[in-house]
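Engineer: Here our numbering is used: the first residue of the sequence shown is 123, the next is one more, and so on.
Even for Gly, the Cβ is constructed at its ideal location relative to N, Cα and C.
Here's a structure for you.
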Amino acid sequence: MTRGSGKMAEKAKSSGGLSMLAAPHTTKVEDVLKHYGVTLKGGLDYKTVETRRKQFGWNVLEQQNKESLLSLFISQFDDLLVKILLGAAVISFGLTLTEISEGFSLTDFIEPVVILVILILNAVVGVWQEANAEQALDALKKLQPTMTTCLRDGKWVTIDSSELVLGDIVRVRTGNKIPADLRICTISSTSLSCEQSQLTGESKNVAKTSQALPENMRDCEIQEKRNILFSSTTVSCGNCVGVVIATGMQTEIGAIQAAVLDAGAQERDTPLQRMLDDFSKSLSKFISLICVAVWVINFRNFSEPVHSSFMKGSIYYFKIAVALAVAAIPEGLPAVITTSLALGTRNMARRNAIVRRLPSVETLGCTTVICSDKTGTLTTNKMCAIILKTILDSGKIKSIHLSTNDDTIKQTTGSAAAMSNAQTYKGPIDALMETLNKCACMCSDASVDQEQGEPTELAILNMVDRIHKHIAPDSGAPISMEYQKSFKKEATLEFCRDRKMMSVISNEEGHLKLYTKGAPESVIDRCTMYMLPDGSTAHLTTEMKRNIMDEVEQMAKDALRTIAFACITKADAELEIYKKNVSKGEISEGSPLFFNEIEKDLVFLGIAGIVDPPRPQVKNAIRIAREAGIRVFMITGDNKLTAEAIAKKIGILPMDFGNSASTHYYSFTGKEFESLSQEQRRTILNASGVVFSRTEPKHKQDIVSILKQIGETVAMTGDGVNDAPALKMADIGISMGITGTEVAKEASDMVLVDDNFQSIVAAIEEGRCIYSNMKAFIRYLISSNIGEVASIFLTAAMGIPEGMMPVKLLWVNLVTDGLPATALSFNPPDKDVMKKAPRSNDDKLIDQWTFLRYLIIGLYVGISTVGIFVWWYIFGISPNDGNTTITLRQLMTFQKCPTWGNFSVNRLADMSEDMCSYFTLGKAKPATLSLTVLVMIEMFNAFNAVSEDSSLLVTPPWSNLHLMLATSISITIHCLILYTPLLARIFGVVPLDKYDWIAVLLWSFPVIIIDELLKIVGRRRMKIGSQRPGINLKHVGSKKQD
123 MTRGSGKMAE
133 KAKSSGGLSM
143 LAAPHTTKVE
153 DVLKHYGVTL
163 KGGLDYKTVE
173 TRRKQFGWNV
183 LEQQNKESLL
193 SLFISQFDDL
203 LVKILLGAAV
213 ISFGLTLTEI
223 SEGFSLTDFI
233 EPVVILVILI
243 LNAVVGVWQE
253 ANAEQALDAL
263 KKLQPTMTTC
273 LRDGKWVTID
283 SSELVLGDIV
293 RVRTGNKIPA
303 DLRICTISST
313 SLSCEQSQLT
323 GESKNVAKTS
333 QALPENMRDC
343 EIQEKRNILF
353 SSTTVSCGNC
363 VGVVIATGMQ
373 TEIGAIQAAV
383 LDAGAQERDT
393 PLQRMLDDFS
403 KSLSKFISLI
413 CVAVWVINFR
423 NFSEPVHSSF
433 MKGSIYYFKI
443 AVALAVAAIP
453 EGLPAVITTS
463 LALGTRNMAR
473 RNAIVRRLPS
483 VETLGCTTVI
493 CSDKTGTLTT
503 NKMCAIILKT
513 ILDSGKIKSI
523 HLSTNDDTIK
533 QTTGSAAAMS
543 NAQTYKGPID
553 ALMETLNKCA
563 CMCSDASVDQ
573 EQGEPTELAI
583 LNMVDRIHKH
593 IAPDSGAPIS
603 MEYQKSFKKE
613 ATLEFCRDRK
623 MMSVISNEEG
633 HLKLYTKGAP
643 ESVIDRCTMY
653 MLPDGSTAHL
663 TTEMKRNIMD
673 EVEQMAKDAL
683 RTIAFACITK
693 ADAELEIYKK
703 NVSKGEISEG
713 SPLFFNEIEK
723 DLVFLGIAGI
733 VDPPRPQVKN
743 AIRIAREAGI
753 RVFMITGDNK
763 LTAEAIAKKI
773 GILPMDFGNS
783 ASTHYYSFTG
793 KEFESLSQEQ
803 RRTILNASGV
813 VFSRTEPKHK
823 QDIVSILKQI
833 GETVAMTGDG
843 VNDAPALKMA
853 DIGISMGITG
863 TEVAKEASDM
873 VLVDDNFQSI
883 VAAIEEGRCI
893 YSNMKAFIRY
903 LISSNIGEVA
913 SIFLTAAMGI
923 PEGMMPVKLL
933 WVNLVTDGLP
943 ATALSFNPPD
953 KDVMKKAPRS
963 NDDKLIDQWT
973 FLRYLIIGLY
983 VGISTVGIFV
993 WWYIFGISPN
1003 DGNTTITLRQ
1013 LMTFQKCPTW
1023 GNFSVNRLAD
1033 MSEDMCSYFT
1043 LGKAKPATLS
1053 LTVLVMIEMF
1063 NAFNAVSEDS
1073 SLLVTPPWSN
1083 LHLMLATSIS
1093 ITIHCLILYT
1103 PLLARIFGVV
1113 PLDKYDWIAV
1123 LLWSFPVIII
1133 DELLKIVGRR
1143 RMKIGSQRPG
1153 INLKHVGSKK
1163 QD
């Protein structure tokens, strides 16, 4: 059973009569316990446990049924191109078997065997890829804890977490992983907090409570459910007892599991796969038409004497039709595409992007929208204290500004907006600064030495050390370590959500001092004095408090988290109060009343502003993305104000957002976006920049789903468990390599090694280059195949002996063409590749102009390969051949040769006693010439493919040295076949002399001249197209909503 994220699913009543509580977070603890028929003293009895397990199942996540390796293997053949090739192999094999009685050689089986080997290898690769595709679900399963402590029949027992049922009473402590969704019943510590960022996207630990939420929060966001502990999250601080309210697939993590399963089922093919599918359909129709046409055209020749019988004649021309199918299918295309994508992944890895699924490499090239997480991707994911405010003698506020880009520290006096008058901070470390530094260090459990502790506390300690080092550069160990080592904590007043602050009583060589830190509004409210730079104190007036809070408000608008510091310089009495009250009994949830007696009449010290700063390169990367026609949206679990402030700094939103009526930029919380109509959502998602805050997994899925519906190609980033469904649903799921969970990584298509947004833009640039080069080698291969089809078709239409046998065509398609095609993957990228708008994900692989180019080049390939074959028979080529020339009419009616009474030719070495064997066994030389012309034309055609529209005079072949090497190897391999006796026998070829090679070059080179002329036409078409009125690409939008 699955349900929507954030809402408890209700189960129909069964024989046990129990149903899941719809809104436990707004229900009082006693009512929750009553609903599940359990008490905090006894727990459930074992009989009830068994009954509920039968009704609701085990506390485990559902797994997708996996296909067997055999079914996966068979499914790899469910492809149109593969079926055509498989059919050709089977038919060819069958036809070869029919000729056994007449004598045959093993070389006759080369064609079907080679095709089958190719198909099997492709299937094996496909099985390997798919067998590893669904590991995200296994990773989710690993998040669940294995053992837990629960109350059964009045006794605390340790059991496997899968045995938990609704109503079980569970005890968890600091560091425990939550085994199921729990409603907190009692907290046995002053505070309880949970680390749930991977589930909700919140960047800090969440304080928890046992109190019921108001009824009007029944449908609140996951983040607001402060009295619920969610399965697979971790207790970061405190101890509590809770009651199980959801297990297995009914938990929030279960909802994510269900969403991953659903998103996986909805995955669509990549743009490249769709293009290739469309191409396959067109190719299959074309092949069927041509094959039937060739067979029908030669119907009149079925009964020719050379075939002995009508049946043998029909089989002979059927084999020619099969050869045509082999010629038309680019057998090497899958291998070349895979190789090209693999090379692309290597280049991307150099740019910190590891691709997990090969087709994703090309899909990146048509990305139109990037939906990016904030924390760790757009920001550094490292909290930094960038400003410290204190009060001067004059009552004015002094601000110390710490740069995030270098070691610069400056100071200003007065308003926070006075940075234009900033001066370099020169100290000194006066009494106020020293006291504030001690306060910051003692009110912290973090350690800069081991970089351990709360990110906020580490940021404060680093600020203290940095300021001190700035003034005293020759000092030794960090000052924070010295303070923490030298002073002893006599008492700690833990942080509580109700008072939003914490305090410590520090013993400094016999002098007791109380240090406090917390939320500014809470700390300042308890302050009556403030400390001056010389260490003396003065009265903190209401007006001064108001001025400080104005500064705090401004800092909050700049996405700063603010922490206030205060102290009591003599805390002997406060320590006595603490010791007296602690000895009375156990501390429980909330702040003990005596804390109020201690934390009063405080001396204000200062305020620190902390931020997770944007990565330095992000702003420029977003600018590059915009220039490339790619929109960037921010989707985060953080609050709206912080998200908007960061978005302004990095350019997703304009700096004046919120102050002007922008019609192309928006900011919404997940709930606000959810409340809009479908039409309104589409309008919003057509905007230039959008920020989504306080989002839940379902919101991210909705955003991705709508973007895909309106035709966008979506790249989605994420690092948490909650991101997995959206990562799976997006066209490109991008996870974080450093901060990302295994769940996110397994659900993604690409992993960023450095968690840096700039790497996404670099990967998109690489994807565009790969697509451009892919078009080059596809154009090269398809035009070659059209040439082979034209050659066989012309041969059949003219009725001359066939010069291209299937085994030769297979060799050319797989080996001779394969190397240059792969080398075209190294074509230099266009300089303006990131200045062009993204291509549509529905683009056709072959448009009308491209097809015309293929056709013209292909026709010339066909004419030249058949032409040199005919030329040898009619005019001869090399004087060393000693062949007898004949007329074109004789060549076109060679099947009637047995009826020619006095036909006589010079007997060649390969011929039999029968003079008519001149057209069968004697065709080795012209067939070799035809094959060699095909090879050389395709080498020249590979040079043409270095650039789609640039002349070879502008982009010469040597601009791609890999191509020069590949063509050299291909020609060398062809020569080995010609001049190695064993290989020559297998392929039915003979050596060529210098006269033959001159003829081959004369027939081959014109393909360069023809393509240069076509490029001129193509450039003129592009120029005319660019002069037409353009389309306004501004995205529609309505008035900004908040």
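#1: Given this structure, state the Cα-to-Cα distance separating ALA594 from LEU583, to the nearest angstrom.
#2: Going by DSSP, what residue range makes up the beta strand (DSSP E) through HIS661?
#3: Determine the direct distance from the alpha carbon of ILE772 to that of MET1058, and round the result to whole angstroms.
#4: If we ignore side chains and look at the alpha-carbon of each, how far apart do ASP303 and ASN349 end up?
#5: Could you tell me which uninterrupted beta strand (DSSP E) segments, each at least 3 residues in length, are contained entirely in the stretch 364-400, listed from first to last along the chain?
#6: Classify THR1009 as helix, strand or coil using the three-state DSSP reduction.
#7: Using CA coordinates, which residue listed in GLY517, ASP694 and THR1054 is at the minimum distance from SER1092?
#8: Whole angstroms is fine: what's the gap from LEU631's alpha carbon to VAL328's?
#9: Is it buried or exposed, THR296, if we count other Cβ atoms within 10 angstroms and call 16 or more buried?
#10: Just the C-alpha distance for ARG947 and ASN844, rounded to the nearest angstrom, thanks.
#11: Please report the straight-line C-alpha distance between LYS511 and TYR652, rounded to a whole angstrom.
#12: Just checking my contact of LEU500 with ILE854 at CB under 8 Å: how many whole Å lie between their CB atoms?
#13: In whole angstroms, give me the CA-to-CA distance for GLU719 and THR173.
#14: Would you call the stretch 468-475 and the stretch 872-890 in contact, with 3 or more CB pairs under 8 Å?
#15: Determine, using beta carbons only, whether LEU1083 and ALA1064 come nearer to each other than 8 Å.
#16: Between which two residues does the alpha helix (DSSP H) carrying LYS591 extend?
#17: Leaving aside the five residues before and after TYR976 along the sequence, list all residues of the same chain whose C-beta is less than 8 Å from its C-beta, in chain order.
#18: Which of the three DSSP states, helix, strand or coil, is assigned to ALA258?
#19: Please give the ranges of any alpha helix (DSSP H) in the stretch 1038-1125, keeping only runs that are unbroken, at least 4 residues long and fully inside the region.
#20: If you reduce the DSSP assignment to three classes, tell me which class THR268 lands in.
#21: What are the boundary residues of the alpha helix (DSSP H) that MET505 is part of?
#22: Identify which residue in THR331, THR489 and ILE1131 has its Cα closest to the Cα of CYS359.
#23: Grouping DSSP H, G and I as helix and E and B as strand, with all else coil, what is PHE687?
#24: Which complete beta strand (DSSP E) runs does the stretch 734-790 hold, if anything under 3 residues is left out?
#25: By Cβ distance, which residues of its chain are closer than 8 Å to VAL1129, with the 5 residues on each side in sequence left out?
#26: If you draw a straight line from the alpha carbon of TYR893 to that of GLU484, how long is it in whole angstroms?
#27: On the premise that LEU634 lies in contact with LYS722, defined as a C-beta separation below 8 Å, what is that separation, rounded to the nearest angstrom?
#28: Is it right to say SER962 is buried, meaning 16 or more other beta carbons lie within 10 angstroms of its own, or is it exposed?
#29: Using DSSP bridges, identify the partner residues of ALA293.
#30: State whether the stretch 812-826 contacts the stretch 749-761, with contact taken as three or more CB pairs (one from each stretch) at a distance under 8 Å.
#31: Using the C-alpha atoms, what's the distance from VAL865 back to ASP495?
#32: I need the straight-line Cα distance from ILE646 to PHE726, nearest angstrom please.
#33: Does PHE408 pass the burial test, meaning 16 or more other C-beta atoms within 10 Å, or should it be called exposed?
#34: Provide the residue span of the beta strand (DSSP E) that contains GLN533, from first to last.
#35: Going by DSSP in three states, LYS638 sits in which element: helix, strand or coil?
#36: Suppose you measure from the CA of ASP824 to the CA of LEU798; what does that come to, to the nearest Å?
Structural biologist: On the basis of the data shown:
#1: Within the sequence shown, the letter at position 472 stands for residue 594. Within the sequence shown, the letter at position 461 stands for residue 583. Taking the straight line joining both Cα atoms gives about 16 Å.
#2: The residue given as residue 661 occupies position 539 in the sequence shown. From DSSP, the beta strand (DSSP E) with HIS661 extends over 659-661.
#3: As a working note, residue 1058 is residue 936 in the sequence shown. As a working note, residue 772 is residue 650 in the sequence shown. Those two C-alpha atoms are separated by around 53 Å.
#4: Walking along the sequence shown from the start, residue 303 turns up at place 181. Walking along the sequence shown from the start, residue 349 turns up at place 227. If you take the alpha carbons of ASP303 and ASN349, they lie about 11 Å apart.
#5: none
#6: Within the sequence shown, numbered from 1, the residue matching residue 1009 stands at position 887. If DSSP states are grouped into helix, strand and coil, THR1009 belongs with coil.
#7: Within the sequence shown, the letter at position 970 stands for residue 1092. For SER1092, the nearest C-alpha among the options comes from THR1054.
#8: Along the sequence shown, read from residue 1 onward, the residue named residue 631 stands at position 509. Along the sequence shown, read from residue 1 onward, the residue named residue 328 stands at position 206. Residue 631 is actually Glu in this sequence, not Leu. Taking the straight line joining both Cα atoms gives about 36 Å.
#9: Residue mapping note: residue 296 aligns to position 174 of the sequence shown, counting from 1. It counts as exposed.
#10: Counting from one through the sequence shown, the residue named residue 947 turns up at place 825. Counting from one through the sequence shown, the residue named residue 844 turns up at place 722. At residue 947 the sequence reads Ser, which differs from the Arg that was named. Rounded to the nearest angstrom, the two C-alpha atoms are 37 Å apart.
#11: As a working mapping, residue 511 is identified with position 389 in the sequence shown. As a working mapping, residue 652 is identified with position 530 in the sequence shown. Cα-Cα distance, rounded: 12 Å.
#12: As a working note, residue 500 is residue 378 in the sequence shown. As a working note, residue 854 is residue 732 in the sequence shown. With 8 Å as the limit, LEU500 and ILE854 do not qualify as a contact, their Cβ atoms being about 17 Å apart.
#13: One-based indexing of the sequence shown puts residue 719 at position 597. One-based indexing of the sequence shown puts residue 173 at position 51. For GLU719 and THR173, the distance between alpha carbons rounds to 52 Å.
#14: yes
#15: Numbered from its first residue, the sequence shown carries residue 1083 at position 961. Numbered from its first residue, the sequence shown carries residue 1064 at position 942. Result no, Cβ atoms of LEU1083 and ALA1064 do not sit closer than 8 Å.
#16: Here residue 591 is taken as the residue at index 469 of the sequence shown, counted from 1. Its alpha helix (DSSP H) spans residues 577-593.
#17: To locate residue 976, count along the sequence shown from 1; it is residue 854. Correct list, in chain order: ARG901, ILE904, SER905, ILE908 and ILE968.
#18: Taking the first residue of the sequence shown as position 1, residue 258 is located at position 136. Summary for ALA258: the model assigns pLDDT 45, below 50, so the residue's position carries little reliability, and this model does not support an answer.
#19: 1046-1066, 1083-1101 and 1103-1109
#20: Residue mapping note: residue 268 aligns to position 146 of the sequence shown, counting from 1. DSSP places THR268 in coil when its eight states are reduced to three.
#21: Position 383 of the sequence shown, counted from the first residue, corresponds to residue 505. No alpha helix (DSSP H) holds MET505; DSSP gives it neither H nor E.
#22: As a position in the sequence shown, residue 359 is number 237, starting the count at 1. Comparing Cα-Cα distances from CYS359 to each of THR331, THR489 and ILE1131, the minimum goes to THR331.
#23: Reading the sequence shown from its first residue, position 565 is the one you call residue 687. Reduced to three states, the DSSP call for PHE687 is strand.
#24: 753-757
#25: The sequence position of residue 1129 within the sequence shown is 1007, counting from 1. Around VAL1129: ILE979, TYR982, VAL983, SER986, ILE1059, PHE1062, ASN1063 and ASN1066.
#26: In the sequence shown, residue 893 corresponds to position 771, counting from 1. In the sequence shown, residue 484 corresponds to position 362, counting from 1. If I take the Cα positions, the gap works out to 6 Å.
#27: Locating residue 722 in the sequence shown gives position 600, counting from the first residue. Locating residue 634 in the sequence shown gives position 512, counting from the first residue. The pair is not a contact, with the Cβ atoms about 16 Å apart (cut-off 8 Å).
#28: Indexing the sequence shown from 1 puts residue 962 at position 840. Classification for SER962: exposed.
#29: Translated into positions along the sequence shown, residue 293 becomes position 171. This sequence places Arg at residue 293; Ala is not what is there. In DSSP, ARG293 forms a bridge with THR271 and VAL363.
#30: yes
#31: Stepping through the sequence shown from its first residue, residue 495 is reached at position 373. Stepping through the sequence shown from its first residue, residue 865 is reached at position 743. Straight-line Cα distance between these residues: approximately 16 Å.
#32: Taking the sequence shown and counting its residues from 1, one reaches residue 646 at position 524. Taking the sequence shown and counting its residues from 1, one reaches residue 726 at position 604. When rounded, the distance between both Cα atoms is 7 Å.
#33: Here residue 408 corresponds to residue number 286 of the sequence shown, with the count starting at 1. Per the 10 Å Cβ criterion, exposed.
#34: To locate residue 533, count along the sequence shown from 1; it is residue 411. It spans 531-535 - the beta strand (DSSP E) in which GLN533 sits, taken as one unbroken run.
#35: Here the question's residue 638 lines up with position 516 in the sequence shown. Reading off the sequence, residue 638 comes out as Thr, not Lys. Strand, per DSSP.
#36: Here residue 824 refers to the residue found at position 702 when the sequence shown is read from its first residue. Here residue 798 refers to the residue found at position 676 when the sequence shown is read from its first residue. Cα-Cα distance, rounded: 12 Å.
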